[in-house]
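A short write-up of the structure that comes next.
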Amino acid sequence: DIGPTVVGDEWSDPELMEYLDATLIKQLGNNYAQWRTNDAPRVVLEKLELSGYKLAAMAGVGQTCIWTLHKEPSLKEKALSSSSSDAFESPKIEYKGDL
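Below, the structure is given as structure tokens:
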């Protein structure tokens, strides 16, 4: 129950990563960066719970534990998503001619 704890990938929300006291680190030999914090997993999970996240699943892989969390969108986020196109909708493609 000690850190460091990996809390996100390079595309994670920077504001959330700042709240978790995380630093973006790219290890030698990796072609990707990860956000890490020195906090223990228990501290990270408590911070996320206070921010509205709920535990969705947990898995163990070797000596690694993986937690998946979910947060319901706020009313503002729901309003924004309903006024814009659905991000998960398949694009509509028109074909002309033979395929």
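10 is the number that full-length UniProt numbering gives to position 10 of the sequence shown; each next residue is one higher, with no gaps. All residues carry an ideal CB built from backbone N, CA and C; glycine is no exception.
Next on the checklist: For a quick check, are the C-beta atoms of residue 20 and residue 6 less than 7 angstroms apart?
Outcome noted: On the sequence shown, residue 20 is found 20 positions in, with the first residue counted as 1. On the sequence shown, residue 6 is found 6 positions in, with the first residue counted as 1. Result no, Cβ atoms of residue 20 and residue 6 do not sit closer than 7 angstroms.
Checklist entry - Can you list, in chain order, the stretches of the beta strand (DSSP E) that have 3 or more residues and sit fully within the segment 41-66? => result 54-61
Checklist entry - Taking the Cβ atom as the reference point for each residue, do residue 56 and residue 68 lie within a distance shorter than 7 angstroms? => result Here residue 56 is taken as the residue at index 56 of the sequence shown, counted from 1. Here residue 68 is taken as the residue at index 68 of the sequence shown, counted from 1. Going by C-beta atoms, residue 56 is nearer than 7 angstroms to residue 68.
Checklist entry - Cα separation between residue 60 and residue 35? => result The residue you call residue 60 lines up with position 60 of the sequence shown. The residue you call residue 35 lines up with position 35 of the sequence shown. Cα to Cα, the separation comes out at about 20 angstroms.
Checklist entry - What does a CB cutoff of less than 8 angstroms around residue 9 pick up in its chain, not counting 5 residues either side in sequence? => result As a first step, residue 9 must be located in the sequence shown, where it is residue number 9. Once the five neighbours on either side are set aside, the close Cβ partners of residue 9 are 32, 33, 34, 35.
Checklist entry - residue 37 to residue 81, Cα distance in whole Å? => result Sequence index remark: in the sequence shown, residue 37 carries index 37 (1-based). Sequence index remark: in the sequence shown, residue 81 carries index 81 (1-based). Going from the Cα of residue 37 to the Cα of residue 81 covers about 31 angstroms.
Item to check | Reduced DSSP category for residue 69 - H, G, I as helix; E, B as strand; rest coil | outcome: Position 69 of the sequence shown, counted from the start, is the residue given in the question as residue 69. If DSSP states are grouped into helix, strand and coil, residue 69 belongs with the strands.
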